[in-house]
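Here is the structure we will look at, set down as structure tokens.
In the working numbering, the protein residues as written are 97 to 441.
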């Protein structure tokens with residue numbers, strides 16, 4: 097009898113807890129989550145406006161099938177230009193995959209060592225960045241350096257810096273968030289420093305190396321280092337909720353690419369064709385991952401490969417609000433698209 101009563105109490109408490117948690121879930125998230133799953137990807141993509149996105153591009157590449165594109169909403173909201181599946185998009189942190197691959201290639205060719213330290217490559221930072229003589233390249237790539245993230249400094253996105261010296265200055269002489277390799281914390285500063293190290297070792301801008309060693313061999317002809325390299329008419333506009341201006345002209349240091357180019361890169365990374373040989377692939381596998389997301393004001397990217405379906409799915413959404421659930425809605429959109437594709441297979 098006591099056991100039965102205890103079970104009833106536990107179930108009641110769990111039910112009450114569920115009701116309370118649902119009360120605190122923002123309604124747009126709950127509505128998107130519980131809505132019936134459409135039969136087609138295009139039907140789901142057409143709901144982008146209901147999720148608060150001005151425009152969306154989805155690219156699907158499944159082995160043995162024609163590549164597919166899905167769009168809805170606007171490329172440019174003010175001009176009512178429909179979303180263009182082949183528009184350039186700021187891919188934000190997805191660019192870290194290209195940089196991590198460049199590091200792996202340079203390690204493979206003995207131009208870099210994962211075990212050398214930040215102070216070995218950039219001695220001028222010893223004393224300006226805590227533990228610079230203990231932070232290895234491997235720690236930088238894996239976000240285990242403890243160096244503060246410059247984009248997390250106070251009001252960074254209100255007035256973002258347009259050059260790397262100013263970005264780095266925001267964290268110089270600051271205490272470490274933790275001792276090297278004692279924890280994990282995502283930090284854009286790590287990749288800013290990796291870029292600077294590559295520049296010094298190569299003797300020229302590291303994106304030039306990415307272009308010659310990664311983009312050109314994979315025929316990624318619609319991937320660029322910054323907005324300075326492109327015709328801005330080909331770039332999808334980006335928006336921040338409550339801010340009317342188009343963010344596409346903001347120079348925030350992001351790479352740009354079409355959904356197809358990102359998809360081709362993700363496939364090459366996962367099927368091994370992005371690597372010179374098995375040794376290079378093993379180096380990469382030991383330091384970084386094979387998928388990524390990206391988020392900056394106006395631009396959200398999700399780029400993943402699904403081994404069981406041999407399928408790449410890329411999603412671009414061009415409206416951002418750092419309110420805590422805008423990104424969640426983009427993930428819900430993406431996950432529902434993947435579920436539809438899984439059902440179709």
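For glycine and all other residues, C-beta sits at the position ideal for the given N, C-alpha and C.
Among the options, nearest to residue i - alpha-carbon criterion
{"i": "residue 122", "options": "431, 197, 422, 223", "result": "422"}
{"i": "residue 200", "options": "383, 404, 147, 224", "result": "383"}
{"i": "residue 130", "options": "431, 440, 438", "result": "431"}
{"i": "residue 264", "options": "255, 126, 282, 289", "result": "289"}
{"i": "residue 407", "options": "364, 173, 261, 171", "result": "364"}
{"i": "residue 270", "options": "320, 192, 227, 433", "result": "227"}
{"i": "residue 418", "options": "213, 435, 393", "result": "393"}
{"i": "residue 165", "options": "133, 412, 425, 349", "result": "412"}
{"i": "residue 255", "options": "425, 312, 348, 428", "result": "348"}
{"i": "residue 243", "options": "278, 209, 212", "result": "278"}
{"i": "residue 369", "options": "434, 186, 237, 310", "result": "310"}
{"i": "residue 195", "options": "361, 367, 396", "result": "361"}
{"i": "residue 292", "options": "221, 125, 251, 341", "result": "221"}
{"i": "residue 358", "options": "224, 281, 416, 389", "result": "389"}
{"i": "residue 170", "options": "298, 148, 188", "result": "148"}
{"i": "residue 68", "options": "160, 295, 284", "result": "Past the edges of the chain, shown from 97 to 441, lies residue 68, and the structure says nothing about it."}
{"i": "residue 155", "options": "143, 138, 210", "result": "138"}
{"i": "residue 260", "options": "275, 367, 286, 180", "result": "286"}
{"i": "residue 206", "options": "376, 366, 274", "result": "376"}
{"i": "residue 346", "options": "332, 354, 356, 355", "result": "332"}
{"i": "residue 209", "options": "379, 182, 143", "result": "379"}
{"i": "residue 212", "options": "229, 225, 223", "result": "229"}
Buried or exposed by the 16-neighbour rule on C-beta atoms within 10 Å, applied to residue i
{"i": "residue 136", "result": "exposed"}
{"i": "residue 157", "result": "buried"}
{"i": "residue 328", "result": "exposed"}
{"i": "residue 117", "result": "Because the pLDDT of residue 117 is 47, which lies under 50, any placement of that residue in the model is unreliable, and the question is left without a value."}
{"i": "residue 409", "result": "buried"}
{"i": "residue 442", "result": "As displayed, the chain neither begins before 97 nor continues past 441, which places residue 442 out of reach and without an answer."}
{"i": "residue 197", "result": "buried"}
{"i": "residue 150", "result": "buried"}
{"i": "residue 267", "result": "buried"}
{"i": "residue 443", "result": "Here the chain comprises residues numbered 97 to 441, so residue 443 is not present and cannot be evaluated."}
{"i": "residue 441", "result": "exposed"}
{"i": "residue 237", "result": "buried"}
{"i": "residue 433", "result": "buried"}
{"i": "residue 176", "result": "exposed"}
{"i": "residue 203", "result": "buried"}
{"i": "residue 280", "result": "exposed"}
{"i": "residue 160", "result": "exposed"}
{"i": "residue 191", "result": "buried"}
{"i": "residue 416", "result": "buried"}
{"i": "residue 174", "result": "exposed"}
{"i": "residue 338", "result": "exposed"}
{"i": "residue 219", "result": "exposed"}
{"i": "residue 341", "result": "exposed"}
{"i": "residue 452", "result": "Outside the shown range of the chain (97 to 441) lies residue 452, about which nothing can therefore be said."}
{"i": "residue 425", "result": "buried"}
{"i": "residue 302", "result": "buried"}
Sheet register partners of residue i (DSSP bridge)
{"i": "residue 164", "result": "156"}
{"i": "residue 186", "result": "352"}
{"i": "residue 284", "result": "BP columns for residue 284 are empty, so no partner."}
{"i": "residue 169", "result": "151"}
{"i": "residue 398", "result": "389, 411"}
{"i": "residue 178", "result": "170"}
{"i": "residue 201", "result": "Bridge partners of residue 201: none, in fact."}
{"i": "residue 424", "result": "Residue 424 pairs with nothing; no bridge assigned."}
{"i": "residue 225", "result": "222"}
{"i": "residue 136", "result": "Answer is none; residue 136 lacks a bridge partner."}
{"i": "residue 331", "result": "184"}
{"i": "residue 416", "result": "336"}
Secondary structure of residue i, DSSP reduced to three states
{"i": "residue 407", "result": "strand"}
{"i": "residue 118", "result": "Note that residue 118 scores a pLDDT of 43, beneath 50, so its modelled location is shaky; the value from the coordinates is reported in the next line. It is helical."}
{"i": "residue 249", "result": "coil"}
{"i": "residue 326", "result": "coil"}
{"i": "residue 257", "result": "coil"}
{"i": "residue 243", "result": "coil"}
{"i": "residue 320", "result": "strand"}
{"i": "residue 267", "result": "coil"}
{"i": "residue 207", "result": "coil"}
{"i": "residue 194", "result": "helix"}
{"i": "residue 98", "result": "Low per-residue confidence applies at residue 98: pLDDT is 48, beneath 50, and the placement is therefore not dependable, though the value from the model is reported in the following sentence. Residue state, collapsed to three classes: helix."}
{"i": "residue 337", "result": "coil"}
Taking only runs that begin and end inside the region 345-377, name each unbroken alpha helix (DSSP H) of 4 or more residues, in chain order. 355-367
To test your reading of the DSSP string, which unbroken beta strand (DSSP E) runs of 3 or more residues are found completely within the region 296-320? none
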